[in-house]
Every structure is written in structure tokens, then in C-alpha cells.
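Here the structure comes first, spelled out in C-alpha cells, and everything after it is commentary.
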Ligand code: HEC
């Protein structure tokens with residue numbers, strides 16, 4: 622069965638709650654990207670999607686007929702956009718490690734934030750190497766890093782039936798070749 626890229630519904634209205642809230646007497650903390658939830662929904666997710674959607678396969682309807690199409694960046698510019706997304710992910714990992722987002726969390730929070738930085742470096746290298754296989758593979762590792770943190774710090778307020786597992790991403794267990802072979806059937 623063909624798989625399609627799905628996109629997590631934007632949850633902007635939910636994200637509005639909690640802006641600048643601080644309990645009485647506390648200085649509001651300066652959160653550069655809003656709450657963790659806003660940061661995730663508005664920046665982290667869309668940047669990860671740029672990376673995850675860079676290589677893969679889709680089946681599309683053309684004149685009512687399903688047409689299977691493999692895709693990967695074609696031009697230097699397109700590869701650069703993938704590398705840029707990886708650089709952004711690393712910066713987000715650094716932001717997550719700052720007190721604004723790390724305060725009040727366990728020690729593992731820092732490990733996850735650093736894990737995001739580490740995998741983002743690999744992700745950048747894979748894009749600079751212009752290797753679709755490596756981009757796909759590191760994309761799976763990237764997904765594992767997201768999931769590891771979400772297991773310890775489960776997102777609240779996801780609409781019923783929607784878990785973070787619904788985020789579309791390359792399977793961490795498949796090579797690009799296997800993924801495309803499955804899609805072709
Ligand atoms: C260091 C920990 C950490 C890492 C790493 C992390 N997240 Fe999150 N993420 C969170 C937390 C905490 C929340 C829950 C925010 C809330 O509900 O208050 C969250 C929530 C989310 C949400 C739900 C946002 C919403 O609208 O409720 C999405 C989507 C998301 N993360 C995507 C990602 C993606 C994609 C990655 C990897 C590229 C990632 N996250 C990596 C901590 C992390």
C-alpha cells in the first residue's frame with residue numbers, strides 16, 4: 622500500500638494558552654520561542670519536516686491514475702536547504718538546553734537536547750555529502766531523538782487520537798531503498 626506524507630495539523634490556537642504566564646511574584650521568563658509547546662509546534666516540527674520530506678517517495682494521482690515518484694533534492698540549492706534545516710535543528714537543540722527551556726526539567730532533558738544537537742550535525746553532514754541514503758537514515762535517527770524526549774516529557778493537548786507518532790517521518794528501521802520498495806508496491 623502506498624504511503625503518503627501526512628502533516629500534523631497545526632495546533633496554533635492551543636498554543637496560545639500560557640504565553641507569558643508566570644505565577645504571582647515571579648519574573649516572567651523570557652522564552653525566545655514561546656512555551657515549549659509553541660516552540661515545538663511552530664519551529665521544531667516544521668524544520669524537521671523540511672529534513673524528513675527531502676528524500677522519499679510518494680504516489681500521486683495524475684489524471685486519476687496513481688503515479689509513483691521517488692524524490693530527492695536535485696540542485697545545489699535544494700541540498701543547501703536541507704543542510705540549512707539541519708543547522709537550524711542544531712540551534713534549536715542549543716535553545717532547548719538553555720535555562721529558559723531546561724529549568725525545572727530532569728537531567729535527561731539536557732541529554733535529549735544535546736542528542737538533538739549531535740544528530741543535527743550528522744544530518745548537516747549527510748546533506749553536505751548530498752547523500753539521499755544518509756539523509757534518510759539520519760532522518761530516522763533524528764526521529765528517535767524527538768521520540769526519546771517525548772517519552773520522558775509527553776506532549777499535552779494533542780487532539781484525541783493524535784499522538785506524536787503521527788508525525789510523518791522516515792522509518793528509523795528502514796533504508797531508503799527498502800522504504801521506496803515498499804512504496805512502489
Ligand atoms: C529536549 C526535549 C525535546 C526534544 C528533543 C523534542 N521535543 Fe518536541 N516536545 C517536547 C516537549 C516538552 C513537548 C510538550 C510541550 C507541551 O505540551 O507543553 C513537545 C511537544 C512536541 C509537539 C507537540 C506540539 C503541540 O502543538 O502540542 C511536536 C509536534 C513536537 N514536540 C515535535 C518535535 C520534533 C519533530 C522533534 C525532533 C526534531 C522534537 N519535538 C524534539 C520536548 C522535546
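In the numbering used here, the protein residues as written are 622 to 806. Don't be surprised by glycine CBs; every beta carbon is placed ideally from N, CA and C. On a predicted model such as this, the values are computed, not experimentally measured, just so you know.
Residues in its own chain within less than 7 Å of residue i by CB, not counting five upstream and five downstream?
i	result
residue 638	Confidence at residue 638 is low in this model, with a pLDDT of 39, below 50, so the placement of that residue should be treated as unreliable; the coordinate-derived value is given next. Cβ neighbours of residue 638 beyond the five flanking positions: none.
residue 747	755, 756, 759
residue 742	711
residue 642	Caution is warranted here: a pLDDT of 44 is assigned to residue 642, below 50, making its placement in the model unreliable, and the coordinate value is therefore given only provisionally. Within the same chain, residue 642 has no close Cβ partners at all.
Answer yes or no: the CB of residue i versus the heavy atoms of the ligand HEC, is any distance below 7 Å?
i	result
residue 763	yes
residue 700	no
residue 774	yes
residue 716	no
residue 669	yes
residue 721	no
residue 757	no
residue 665	yes
residue 766	yes
residue 737	yes
residue 733	yes
For residue i and residue j, what's the separation of their Cα atoms in angstroms?
i	j	result
residue 665	residue 767	10 Å
residue 581	residue 678	Limits of the chain in this structure are 622 at one end and 806 at the other, which puts residue 581 out of reach.
residue 792	residue 740	16 Å
residue 656	residue 684	44 Å
residue 749	residue 711	15 Å
residue 818	residue 687	Residue numbering for the chain in the displayed model covers 622 to 806; residue 818 lies beyond these limits and cannot be assessed.
residue 802	residue 714	33 Å
residue 695	residue 800	19 Å
residue 726	residue 716	14 Å
residue 674	residue 697	17 Å
residue 765	residue 719	22 Å
residue 691	residue 669	20 Å
residue 751	residue 794	21 Å
residue 732	residue 770	9 Å
residue 798	residue 651	45 Å
residue 777	residue 761	24 Å
residue 774	residue 676	29 Å
residue 705	residue 667	13 Å
Within this structure, are the beta carbons of residue i and residue j separated by less than 8 Å?
i	j	result
residue 693	residue 753	yes
residue 708	residue 671	no
residue 730	residue 723	yes
residue 763	residue 744	yes
Leaving out the 5 sequence neighbours to the left and right, which residues in its chain are closer than 8 Å to residue i when beta-carbon positions are compared?
i	result
residue 782	Bear in mind that a pLDDT of 48 at residue 782, under 50, signals an unreliable position, so the number given afterwards is only what the model happens to contain. Same-chain partners within the cutoff: there are none.
Taking 6 Å as the limit between beta carbons, can you name the residues of its chain near residue i, skipping five residues before and five after?
i	result
residue 772	none
residue 660	654
residue 737	714, 766
Answer yes or no: the CB of residue i versus the heavy atoms of the ligand PLP, is any distance below 7 Å?
i	result
residue 696	For the ligand PLP, the structure offers nothing, since it holds only the ligand HEC.
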